[in-house]
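Sequence lines, in order, name chains B and X.
For the record, in the first sequence the residue sitting at position 227 is 227 according to this note's numbering, with numbers rising by one throughout.
For the record, in the second sequence the residue sitting at position 164 is 164 according to this note's numbering, with numbers rising by one throughout.
Here the structure comes first, spelled out in structure tokens, and everything after it is commentary.
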Amino acid sequence: MRKAWLAALFVALAGAAFAQRTLQVVWFTESPTEQAIFDRYVKMYEAANPGTKVEVTYVPFQQLTQKLQLMVAGNTPPDVARVVTANIAEFDPVALDLAAYVDPSSFLNQFLPSQIPYIYRKPRIIGAPLDVTANGIFYNKDCFDEAGIRVPTNSLQVWTWEQWREAMDRVRNNSRCRFALSYDFTTHRFSTLLYAAGGRFIDPSGKRFAIDSPEGLRALSFFADLFKDGFIPKGQWLSNDDPSTLFRSGQSAMYMSGNWNVAQFSQVRNFNWGVMPLPRDKIRSTVPGGKFVMGFKGSKNPNEAAKFILWLTSKEINLPFSKDNMVLSARKDAKGMKYGQFDDAIAVFLSDLSVTPSYVGQDWSNPVMARLNTFIRSEIVKVLLGQQSPKQALETIQAEGDKQLRLLR
Amino acid sequence: MRHKVGRLLTPYLFLAPNMLIFGIFVVLPMVYGLVYSFYRGNFIGGLQQFVGIENYRQLLEDRAFLNSLAQTVVYVLLVVSLVVVISLMLAIALRTTTLGSALARVGFYLPVILSPVVVGVAWRWMFSSDLGVINALLSSLGQSPIPWLTDINWARAVVVLASVWSMVGFYMVIFIGGLNTIPTELYQAAEVDGASPRQQFWQITLPLLAPTTLLVTILATINAFKAFEIILVLTNGGPGDATRLLVQNIYLTAFEGANPTYASAQSVVLFAILMVLTLMQLRVSRDT
């Protein structure tokens, strides 16, 4: 009997010694390529930390916010999640404070200043930046060659909007591409035009919306005309057709999206593609954004979560991780990083980022933008359907924006 | 005495597992939903403030909600009338037991067992304005493409047709059951009296099928009110909000608008509508 007790005790102790912590990670993916890369880094982390098993739940980007909302509401938040500029503010109240694990000033000092407003809620640090994104236009080199159009390749000879429109007309009529432009169905991507027109969402005081302006009207009218004249296929904004598919299948000559597609497009074999500098109107500008990793209060393994976040955003890991994913690392020491055959494409995004005014990032780091995203998009759709004029849409967005800013205060 | 108590308890013990599952997964969420509808709050901060019937008052002025409710009513009227007429026609045409009609029955029933998501994807693949098979076919025939899913009226028509297609098979089977209960002597007598097939339909089939028709109407109405997946995949409520029905509006309010308590109030309204319809159905089933 005593032997049996001893054996049981031994088994229990051995079990405890080998017990593994399971770190729950929610990771949104844009493509299978990206998922395979993250799996590889997860294995590296597990190898370096034998007591920890990382369990990753992959979700499509469209379901990310809902997934996290439900997990938080059910008191079962994940240990770590990857989030973006558009939704990090929403999870601020339940974020794990990384300030408890690092020296705040030296930690923050590692990252590009543009990403700090998203993660630093004095004195709390609610996440760590993974990479910086920039909106931009991919183009089908074969279709442009076929149409005999020379696309500007550097920032010194950027197209004006009028030249861009003319190129759309020519490429559509003189090449195998049936459509001129695919355009992501998001307010964020529409805003690329707003900023180039010299407009903005929120005024410098941060207290009033500023979209109901001549610049706002110019941007929205130009955008609506691209649909009216058949340059952008209507299905992308009116019936949820995937813009990326049309570009990847070689049917669309251009695609307004962002640098995060580079890894995915590296698999495209049926045509040659490149990135063009964003056409200018009043000014040149892109829209910066970013991805972040964050932990959650009340998760099962907060200490391990912080450790994983710091590991993933450290110089030794984040630089190769960014290179593998062909994204722009948010670390200052990533400057000058080389991407091999995609250096030219990445250089165009970096050039657009370098001329972007700082108020663009301020607009998008305001929590009000996360709340208004869908609203603004649906007002734009009403313009495309002919249910209201661009001016009416801007007035409605302005009124709702002012209301939301008041509520926030 | 113990024996008697045991005998009284036995049926409840048999029912207990079912009641437990029903309680946890149906009753409890319903009660939570009802309680939430009287509060203001969100997923992150939980319930924040008791607001009484404020959410319900707000519903009366909410254009998005009223719009989706109106669209749901129109959708239900169209879908239910088409489902009743088409499934009855199919049932009459396929009530015989030949091999051909059996195969046809299987064909019409097939969409019922398909996942609504599959139905949505298939219809989207056919009707997509820029990438769809039908428009590609029209273009190859030299015709101009039709904006199936990017024009408000066409999109509404496609949504109704897809829903009807996915539902008729089920109701056809119920109608065939109903038709088989009508005594054949009645038709034989009518024929002797010289009644035409049309007269037989209006004077015998339709009156005697009345209880089945009512049952089909109520069941189809309940199902149509709950329409969600097919439309979500097919149009995502678009273009704009032209095909956004009540259930999708509730979903968007809760998750995209991050307002679960207000969405709960909308759910309670939908629940009330469905409750009335279900009571009607129970009443009809009892009477027949």
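Backbone N, C-alpha and C define an ideal beta-carbon position, used for all residues, glycine too.
Keep in mind that this is a model prediction, so the values were computed, not measured.
So what's Tyr255/B in DSSP terms, helix, strand or just coil? Strand at Tyr255/B.
Look at the alpha carbon of Ile204/X and the alpha carbon of Leu149/X, and state the distance between them as a whole number of angstroms. Looking at the two C-alpha atoms, the distance is approximately 42 Å.
With the cut-off set at 7 Å, would you say Pro246/B and Ser182/B are in Cβ contact? It is worth fixing the name first, because residue 246/B is Leu in this sequence and not Pro. Contact check for Leu246/B against Ser182/B passes: the beta carbons are separated by less than 7 Å.
Residue nearest to Arg286/X in terms of C-alpha spacing, selected from Ser267/X, Met19/X, Thr212/X: The option with the nearest alpha carbon to Arg286/X is Thr212/X.
Classify Arg280/B as helix, strand or coil using the three-state DSSP reduction. Here Arg280/B sits in strand by DSSP.
Under 8 Å by Cβ, that's how I've got Ala224/X and Val80/X pegged, so tell me the actual separation to the nearest angstrom. Right, the Cβ-Cβ distance comes to about 6 Å (below 8 Å), so this counts as a contact.
Smallest Cα separation from Val293/B: which of Pro78/B, Leu407/B, Asp145/B? Closest option to Val293/B, judged by alpha-carbon separation, among Pro78/B, Leu407/B, Asp145/B: Pro78/B.
Out of Ala272/X, Leu246/X, Ala258/X, Gly257/X, point me to the one whose CA is closest to Val66/X's CA. Residue identity check: residue 66/X is Leu in the sequence provided, not Val. The shortest C-alpha separation from Leu66/X is found at Leu246/X.
Shortest alpha-carbon distance to Leu88/X belongs to which of Ile134/X, Phe175/X, Leu47/X? Closest in alpha carbon position to Leu88/X, among Ile134/X, Phe175/X, Leu47/X, is Phe175/X.
Min CB distance Ser299/B to chain X below 7 Å: Ser299/B has a beta carbon lying at 7 Å or more from every beta carbon in chain X.
Closer than 7 Å, CB to CB, is Lys53/B near chain X or not? Not closer than 7 Å to any Cβ of chain X, the Cβ of Lys53/B fails to qualify, so no.
Please compile the residues from chain A whose C-beta is within a distance smaller than 7 Å of the C-beta of Pro302/B. The question asks about chain A, but that chain is absent: this structure's protein chains are B and X.
Asp324/B by DSSP, collapsed to three states: which one? Three-state result, Asp324/B: helix.
Using three-state DSSP, classify Lys315/B as helix, strand or coil. Looking at Lys315/B - three-state DSSP - the assignment turns out to be helix.
Need the endpoints of the beta strand (DSSP E) that Ser182/B sits in, please. Counted as a single uninterrupted DSSP element, the beta strand (DSSP E) harbouring Ser182/B occupies residues 179-183.
Give the interface partners of Asp241/B over in chain X, defined as CB-CB distance under 7 Å, in chain order. Neighbours of Asp241/B on chain X, chain order: Ser128, Asp130, Leu131.
With distances taken from CA atoms, which of Thr278/X, Ser37/X, Val118/X, Leu186/X is nearest Trp202/X? The shortest C-alpha separation from Trp202/X is found at Leu186/X.
In this structure, does DSSP put Pro17/X in helix, strand or coil? The answer is helix: DSSP assigns Pro17/X an H, G or I state.
Which residues in chain B sit within 9 Å of Gly240/X, going by Cβ to Cβ distance? The contact set of Gly240/X on chain B, defined by CB atoms closer than 9 Å, consists of Leu238, Ser378, Val381, Lys382, Leu384, Leu385, Gln387 in chain order.
Strictly below 9 Å CB to CB, what residues from chain X border Phe91/B? Listed along chain X, the residues sitting closer than 9 Å to Phe91/B by beta-carbon distance are Ile44.
Residues in its own chain within less than 8 Å of Gln20/B by CB, not counting five upstream and five downstream? If we look at Gln20/B and ignore the five residues flanking it on each side, its Cβ neighbours are Gly51, Thr52, Lys53.
Which word fits Leu13/X, buried or exposed, when buried means at least 16 other C-beta atoms lie within 10 angstroms of its C-beta? With fewer than 16 other Cβ atoms inside 10 Å of its own Cβ, Leu13/X counts as exposed.
If I measure Cβ to Cβ from His188/B and keep anything under 8 Å in the same chain, skipping five residues before and after, which residues do I get? Residues of the same chain with a CB within less than 8 Å of the CB of His188/B, apart from the 5 flanking positions on each side, are Ala86, Asn135, Val287, Gly289, Trp364, Asn373 in chain order.
Output the residue ranges of the beta strand (DSSP E) runs that lie fully inside the stretch 108-169 of chain B and measure 3 residues or longer, sorted by chain position. Counting whole runs of 3 or more residues, the stretch 108-169 of chain B contains the beta strand (DSSP E) stretches 128-140.
With 7 Å set as the bound, which would you pick, yes or no: does the beta-carbon of Val72/B sit closer than that to a beta-carbon of chain X? Chain X, which has a Cβ nearer than 7 Å to the Cβ of Val72/B, makes this yes.
Proximal residues to Phe231/B (C-beta, below 8 Å), its chain only, five neighbours per side dropped: Apart from the 5 residues on each side of it in sequence, Phe231/B sits with its Cβ closer than 8 Å to the Cβ of Arg165, Met168, Asp169, Arg172, Phe179, Ala180, Leu181 in its chain, given in chain order.
Inter-residue spacing [alpha-carbon to alpha-carbon] between Ile86/X and Leu70/B: Here the alpha carbon of Ile86/X sits roughly 41 Å from the alpha carbon of Leu70/B.
Could you run through the stretch 363-375 of chain B and flag, in chain order, every residue whose CB is less than 7 Å away from some CB of chain X? For the stretch 363-375 of chain B, which is checked against every Cβ of chain X, the residues closer than 7 Å are Thr374.
Chain-ordered chain B contacts of Ile113/X [CB-CB under 7 Å]: Within chain B, no C-beta atom comes less than 7 Å from the C-beta of Ile113/X; the nearest is roughly 26 Å away.
Among Val276/X, Pro260/X, Leu282/X, whose alpha-carbon lies nearest the alpha-carbon of Tyr32/X? Residue Pro260/X is the option with its Cα nearest to Tyr32/X.
What separation, rounded to the nearest whole angstrom, lies between the Cα atoms of Asn318/B and Asp97/B? So the alpha carbons of these two residues sit roughly 21 Å apart.
Hey, is the stretch 97-112 of chain B in contact with the stretch 121-140 of chain B, meaning 3+ C-beta pairs nearer than 8 Å? With the cut-off at 8 Å, the stretch 97-112 of chain B and the stretch 121-140 of chain B touch.
Which residues of chain X have a Cβ atom closer than 8 Å to the Cβ of Gln157/B, listed in chain order? Gln157/B does not reach chain X, its nearest Cβ partner there being about 32 Å away, counting only Cβ pairs nearer than 8 Å.
For the alpha helix (DSSP H) containing Ala393/B, name the first residue and the last one. That run of the alpha helix (DSSP H) goes 390-408.
Strictly below 8 Å CB to CB, what residues from chain X border Val94/B? Result: Ile44.
Does the separation of the CB atoms of Asn154/B and Cys177/B fall below 7 Å? Contact: no.
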